[in-house]
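Before any comments, here is the structure.
In the numbering used here, the protein residues as written are 3 to 221.
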């Protein structure tokens, strides 16, 4: 027993020297790789912001409620949003499949009556998890579903039919086309960059780096 302990104690300095030597030749842990143009993102020529230039860095998610990947991305993006500084604004933009896309109308209608906190995540779950909503619901189906979430039926139905709500459909489609959106979900950073993440997690990694870039540039 004594010999064993002595052997360990005398070898300890050599072990320390070996570890120190290895530390000098092994690279230090690197930061997350800088995003690469053409691989991680596209810089948008003549890009434009969705919202006002109010001193905040804008991150827009172009999404579809019918999109399974968007449904998986929603809680991830929400957590990421909560981690951002006060100088970052995360916005959402439904991609209309056609001028009468009721799911896009539903988003804008809920937004206009300040009901998105109740409806946004729940709409994804209603379509993809519980299957209470079809992927192409009618106004009646949406009204009934949202009523179950505590949204006033009459207010929602009126908002869904309001000219101001319907007038937001075409600009949403135009923005997505101008940004070169080819699928959902797509993140647009400050109207300058379209994120090309290979996975949902990769989208957030790239967006984080681009937000830092815009912050450093004072944009």
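Built from N, CA and C at the ideal position, the CB exists for glycine as well. The structure displayed is predicted, hence computed values, not measured ones.
query                                                                                                                                                     : result
For residue 187 and residue 48, I'd like the C-alpha separation in whole angstroms.                                                                       : 22 Å
Tell me residue 39's beta-bridge partners as DSSP assigns them.                                                                                           : 43
Could you name the residues that DSSP lists as bridge partners for residue 91?                                                                            : 60
Going by Cα to Cα distance, which pick from 154, 75 and 153 is closest to residue 204?                                                                    : 75
Hey, would you say residue 64 sits closer than 8 Å to residue 97, going by beta carbons?                                                                  : yes
Are the CB atoms of residue 44 and residue 182 nearer to each other than 8 Å?                                                                             : yes
Within 10 angstroms of its Cβ, does residue 7 collect 16 or more other Cβ (buried), or is it exposed?                                                     : Note on residue 7: pLDDT 34, under 50, position unreliable in the model; the coordinate value appears next. So residue 7 counts as exposed.
Does residue 40 pass the burial test, meaning 16 or more other C-beta atoms within 10 Å, or should it be called exposed?                                  : exposed
Excluding the 5 residues flanking residue 220 on each side, which residues of the same chain have their C-beta closer than 6 Å to its C-beta?             : none
With a CB to CB cut of under 7 Å and the five nearest residues on each side skipped, what residues in its chain are close to residue 184?                 : none
Look at the alpha carbon of residue 121 and the alpha carbon of residue 46, and state the distance between them as a whole number of angstroms.           : 32 Å
Within the continuous alpha helix (DSSP H) that includes residue 171, where are the two ends?                                                             : 171-180
Can you tell me where the alpha helix (DSSP H) holding residue 121 begins and where it ends?                                                              : 118-130
Does the Cβ of residue 170 have 16 or more other Cβ atoms within 10 Å, making it buried, or fewer, making it exposed?                                     : buried
How big is the Cα-Cα spacing for residue 146 and residue 175?                                                                                             : 27 Å
Determine, using beta-carbon pairs with one atom in the segment 100-120 and one in the segment 149-165, whether at least three such pairs fall under 8 Å. : yes
Work out the CA separation of residue 144 and residue 168 for me, nearest whole Å.                                                                        : 16 Å
From which residue to which residue does the beta strand (DSSP E) around residue 195 run?                                                                 : 195-197
Quick one: what's residue 191 bridged to in DSSP?                                                                                                         : 61 and 195
Could you name the residues that DSSP lists as bridge partners for residue 96?                                                                            : 65
Quick one: what does DSSP say residue 157 is sitting in, helix, strand or coil?                                                                           : helix
Is residue 217 helix, strand or coil by DSSP?                                                                                                             : helix
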